[in-house]
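Residue numbers (this note's numbering), protein chains in the order written: chain A, 29 to 381; chain B, 2 to 263.
Here is the structure:
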């Protein structure tokens with residue numbers, strides 16, 4: 029049985045329904061990310077799990093016990109905020125010890141736990157500092173230690189990296205994942221940053237308009253998006269329409285070029301139907317490739333140098349597509365306006381439903 | 002000297018003369034109790050007066066109790082309004098401003114009418130009961146200052162997130178208020194407490210009409226019956242006020258976490 033269960037959660041603020049029939053099962057020790065744009069309801073779901081919002085209907089079950097009606101202080105759920113929310117009047121050690129003191133733990137146990145936590149977050153010598161004496165990254169690590177010190181059943185992370193600069197964000201996200209793995213704590217991580225979600229999660233829930241559009245591993249979410257929203261929101265997608273010319277064979281026509289897509293055979297399409305297809309920028313290649321690849325003539329419209337990757341915008345008939353190619357120091361990047369051939373493997377085409 | 006700096010000095014000196022000249026004149030007058038020479042006779046006389054000590058200590062005790070009562074009422078109210086009922090803020094602010102427009106004499110006559118010896122709650126029937134009434138009256142008079150001071154302090158911290166963080170760590174409302182909110186708005190609370198103290202020490206109407214031996218009525222009585230001692234009393238009252246301000250500054254400096262962010 030799942031350790032954390034969210035059953036048919038609905039949350040309305042007045043006439044506005046911000047979370048609709050949200051269901052999620054999280055296994056013990058699993059790291060699940062709620063990913064979506066601003067206003068999609070991901071933080072509301074997190075706040076319902078924490079107890080700061082009451083669901084309009086639905087159930088929240090932790091380790092078999094229904095906690096829907098419990099106050100936040102009774103749930104034993106750790107929470108880390110975007111704005112750190114450290115207590116400014118307490119030292120780093122005081123912040124970490126706060127929850128333990130509230131729980132009236134013996135002072136020697138508190139001292140040991142604080143020391144362990146400081147070591148865990150890599151700040152063993154900063155216990156006597158005040159929050160204002162720390163950098164943003166250090167403050168967030170202290171906030172994490174404070175949440176973990178009480179040994180919560182579930183750890184909730186509400187965009188904890190959003191206020192940090194890019195480099196620290198990457199190192200702290202890896203550190204969070206390492207700590208989570210080490211402690212084996214069930215974690216829900218809210219973010220609007222797809223790279224963050226894909227890089228550290230066991231599973232990702234892509235949310236749209238209060239619903240879970242797709243729940244899956246990062247690999248599934250990226251490579252097999254189930255909805256147009258997921259396909260567009262996660263990563264960059266070249267979307268285009270094609271006409272089915274031979275449904276039984278899975279043949280479609282794009283700009284007068286026939287392409288046979290094996291996995292379309294199972295989709296029960298009809299001849300003449302229009303289908304929406306997607307292709308990731310890295311699935312397109314510059315230059316001709318042998319069969320079964322399809323080669324298409326194209327014109328380079330724009331070139332963006334991104335360091336390790338060069339992103340091209342090419343025109344194929346009526347469609348404009350993005351292509352990501354690796355930067356090789358020995359090769360010159362394509363020139364704007366140049367004619368080229370683009371190749372794609374039909375198995376990389378994603379049918380958008 | 003730049004034109005701006007020159008005028009700044011002119012304004013500063015004019016302000017200093019406006020504030021300090023009457024004080025210096027009062028001090029100078031208070032030293033003239035002995036003919037022909039300056040002396041501290043008036044101060045000696047005031048300090049030796051048992052009524053001075055009694056009334057001042059009575060008012061100080063009552064001021065401290067009023068501060069505790071005021072804080073007990075204002076802090077949870079301001080906290081709750083900021084946290085859960087922000088829409089009520091204008092109404093609460095209006096209510097807290099009422100003591101500025103309702104004269105103390107109205108309040109005290111209301112008290113006497115409601116809590117006289119013939120009422121269901123005859124607080125005026127005993128000395129402690131009357132003291133309690135007086136304290137409530139003082140708390141009412143200091144409400145506009147205390148509320149604003151605490152509310153300003155609460156505005157300077159991220160109250161909602163801090164409260165939620167504490168709740169998720171298992172803290173109760175009492176713990177949150179006592180261990181997190183109060184220490185973080187300590188300077189604001191001290192400002193409110195100081196204003197309350199100043200109001201209570203100098204207040205006359207409530208104490209006189211409830212017939213309690215407070216410092217305000219004593220100062221009025223002294224002003225009507227002596228020559229140099231009232232001036233000495235005024236200087237002493239100023240000294241007490243300034244000592245309070247100094248204490249606030251000192252405590253603010255010792256409060257480490259109020260240091261500027263890097």
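Cβ coordinates follow ideal geometry from the N, Cα and C atoms, glycine included.
Computed from a predicted model, the values in this text were never measured in an experiment.
Top-ranked residue by Cα proximity to residue i, from the options
i	options	result
residue 71 of chain B	B:247, B:194, B:238	B:194
residue 253 of chain B	B:218, B:186, B:129, B:173	B:186
residue 186 of chain A	A:304, A:33, A:80	A:80
residue 264 of chain A	A:309, A:184, A:292, A:272	A:309
residue 255 of chain A	A:240, A:245, A:137	A:240
residue 118 of chain A	A:105, A:174, A:136, A:67	A:174
residue 132 of chain B	B:52, B:30, B:32, B:211	B:211
residue 209 of chain A	A:83, A:379, A:183	A:183
residue 196 of chain A	A:164, A:212, A:181, A:56	A:164
residue 356 of chain A	A:32, A:333, A:377	A:333
residue 205 of chain B	B:197, B:199, B:216	B:216
residue 76 of chain B	B:60, B:50, B:154	B:154
residue 182 of chain B	B:167, B:196, B:171	B:167
residue 51 of chain B	B:219, B:150, B:249	B:219
residue 247 of chain A	A:222, A:268, A:267, A:266	A:222
residue 83 of chain A	A:200, A:50, A:136	A:50
residue 200 of chain B	B:32, B:140, B:36	B:140
residue 164 of chain B	A:273, A:53, A:100	A:100
residue 160 of chain A	A:120, A:87, A:68	A:120
Extent of the continuous beta strand (DSSP E) to which residue i belongs
i	result
residue 302 of chain A	302-307
residue 353 of chain A	347-354
residue 241 of chain A	239-244
residue 87 of chain A	85-90
residue 343 of chain A	337-344
residue 380 of chain A	378-380
Identified DSSP bridge partners for residue i
i	result
residue 106 of chain A	A:183
residue 325 of chain A	A:369
residue 281 of chain A	A:271, A:286
residue 210 of chain A	In DSSP, residue 210 of chain A forms no bridge with anything.
residue 45 of chain A	A:40
residue 61 of chain A	A:217, A:232
residue 35 of chain A	A:87
residue 291 of chain A	The partner list for residue 291 of chain A (beta bridge, DSSP) is empty, contrary to what the question assumes.
residue 93 of chain A	A:90
residue 313 of chain A	A:371
residue 52 of chain A	A:34
residue 333 of chain A	A:338
residue 123 of chain A	BP columns for residue 123 of chain A are empty, so no partner.
residue 299 of chain A	Per DSSP, none; premise fails for residue 299 of chain A.
residue 266 of chain A	A:307
Where the alpha helix (DSSP H) containing residue i begins and where it ends
i	result
residue 71 of chain A	70-78
residue 107 of chain B	105-115
residue 210 of chain B	206-210
residue 192 of chain A	Segment: none, residue 192 of chain A is in no alpha helix (DSSP H) and carries neither H nor E.
residue 258 of chain A	256-261
residue 363 of chain A	No alpha helix (DSSP H) holds residue 363 of chain A; DSSP gives it neither H nor E.
residue 135 of chain A	135-148
residue 59 of chain B	51-84
residue 203 of chain B	187-203
residue 115 of chain A	Counting along the chain, residue 115 of chain A falls outside any alpha helix (DSSP H), and DSSP gives it neither H nor E.
residue 170 of chain A	164-177
residue 13 of chain B	4-31
Chain-ordered neighbours of residue i on chain B, where CB pairs are closer than 8 Å
i	result
residue 107 of chain A	165, 166, 169
residue 178 of chain A	170, 171
Within chain A, the residues that residue i reaches when beta carbons sit closer than 7 Å
i	result
residue 176 of chain B	130
residue 185 of chain B	116, 117
residue 207 of chain B	Going along chain A, no residue has its Cβ under 7 Å from residue 207 of chain B, so there is no contact; the nearest lies around 36 Å.
Neighbour list for residue i in chain B, Cβ cutoff strictly below 7 Å
i	result
residue 111 of chain A	159, 162
residue 127 of chain A	170, 171
Chain B residues whose Cβ lies nearer than 9 Å to that of residue i
i	result
residue 80 of chain A	165, 168, 169
Cross-chain neighbours of residue i in chain A, by beta carbon under 8 Å
i	result
residue 191 of chain B	Near residue 191 of chain B there are no residues of chain A at all, since even the closest Cβ is about 14 Å away, more than 8 Å.
residue 63 of chain B	Result: empty, since nearest Cβ-Cβ is about 30 Å, beyond 8 Å.
Min CB distance residue i to chain D below 7 Å
i	result
residue 181 of chain B	Protein chains A and B are contained in the structure displayed, whereas chain D is not.
Members of the stretch 163-174 of chain B near chain A, C-beta cut-off 8 Å: Residues 163, 165, 166, 167, 168, 169, 170, 171, 172, 173.
Counting only Cβ-Cβ distances shorter than 9 Å, please list the residues of the stretch 321-340 of chain A near chain B, keeping chain order. Those would be none; no residue qualifies.
Closer than 7 Å, Cβ to any Cβ of chain B: which residues of the stretch 82-108 of chain A, in chain order? Those would be 100, 101, 105, 106, 107, in chain order.
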